[in-house]
Amino acid sequence: MSFQDSLKHLLGDEKFRIVVEKISTQELDSNMLSNAVDGDEKNAFLINTGQVGHVRPINALEAQVLNYQLTRYPLLSHPTEFHGFIAYHNHLKKYRVYFGASDQPWPPHPDILLNQLDKDLAVGWKLVYHLHNHYEPVTNDYLGILAPSLADAEYFRMLSEKYDLENALITNGIHTVVIDSGDFDQFDSH
Ligand SMILES: [Zn+2]
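Numbered by the numbering used here, the letters in the sequence shown go through residues 342 to 531 in order.
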């Protein structure tokens, strides 16, 4: 059973539809932004009012990376966050995925991945995406928000400055938000 089917089964069809719509919308009134009570809410409103980023269904590569982690620890019963770095080589026309995750809610420090990335960037690879997943507890209907936390925003900026990251991706298993590095400064960070 896929993550999407499992979630539908847990929430029921109607609630599933409402929750997915609420999390993925980019049509909230832009006035909501001035009502944000903190940086996390501001970051979410930037996406949900459509000011920043593009929300679309999860794609095949993202689903493959997420499913790799979910075969180890199912997201709905043992939630974990993974990191993925996706590099592309123009001449080889190949993608390379660097993946880090554990049995813990937070991903491990990506030092090993970044060391390898450093070497690869020096020989023609380009860091096109950073991908990670968000989830929520059962009390909040499981589905993760499609916006960067304060820590995420800070991390994206570092990746842009040091590794020339082009886009950040955050997925909740149903939708993914794509954020261009030129928009990273709009988000609140630590
Ligand atoms: Zn995050």
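Cβ coordinates follow ideal geometry from the N, Cα and C atoms, glycine included.
Quick one: what's N474 bridged to in DSSP? Here residue 474 is taken as the residue at index 133 of the sequence shown, counted from 1. In the DSSP output, where bridge partners are listed per residue, N474 has T512.
Contact test: D379 Cβ vs ligand 1 heavy atom, cutoff 7 angstroms: Here residue 379 corresponds to residue number 38 of the sequence shown, with the count starting at 1. No, the beta carbon of D379 sits no closer than 7 angstroms to any heavy atom of ligand 1.
Can you tell me which residues form a DSSP beta bridge with K467? Numbered from its first residue, the sequence shown carries residue 467 at position 126. According to DSSP, K467 bridges with Y429.
Taking 8 angstroms as the limit between beta carbons, can you name the residues of its chain near H516, skipping five residues before and five after? For the purposes of this step, residue 516 is taken as the residue at position 175 of the sequence shown. For H516, where only same-chain residues beyond five positions count, the Cβ hits under 8 angstroms are V361, I364, S365, V396, R397, P398, I399 and L487.
Nearest candidate by alpha-carbon position, reference F528, set A492, D354, I427 and L351: Your numbering for residue 528 matches position 187 in the sequence shown. Checked all of A492, D354, I427 and L351; the closest Cα to F528 is A492.
Kindly identify the DSSP beta-bridge partner or partners of P398. For the purposes of this step, residue 398 is taken as residue 57 along the sequence shown, with counting starting at 1. P398 pairs with H516.
Hey, P449 and P420: beta-carbon distance below 8 angstroms or not? Counting from one through the sequence shown, the residue named residue 449 turns up at place 108. Counting from one through the sequence shown, the residue named residue 420 turns up at place 79. No. Outside cutoff.
With three or more beta-carbon pairs closer than 8 angstroms as the criterion, would you say the stretch 404 to 420 touches the stretch 493 to 501? No: the two stretches stay apart, fewer than three of their Cβ pairs being nearer than 8 angstroms.
Measure the Cβ-Cβ separation of L506 and V519 and say whether it is below 8 angstroms. In the sequence shown, the residue the question calls residue 506 occupies position 165. In the sequence shown, the residue the question calls residue 519 occupies position 178. No; because the gap between Cβ atoms is not below 8 angstroms, this pair is not in contact.
Ligand 1 and S490: does the residue's C-beta get closer than 7 angstroms to at least one heavy atom of that ligand? In the sequence shown, residue 490 corresponds to position 149, counting from 1. Answer for S490: yes, Cβ within range of ligand 1.
Distance check for M499 and K467, CA to CA, integer angstroms please. Position 126 of the sequence shown, counting from 1, holds the residue named residue 467. Position 158 of the sequence shown, counting from 1, holds the residue named residue 499. Distance between the alpha carbons of K467 and M499: 16 angstroms.
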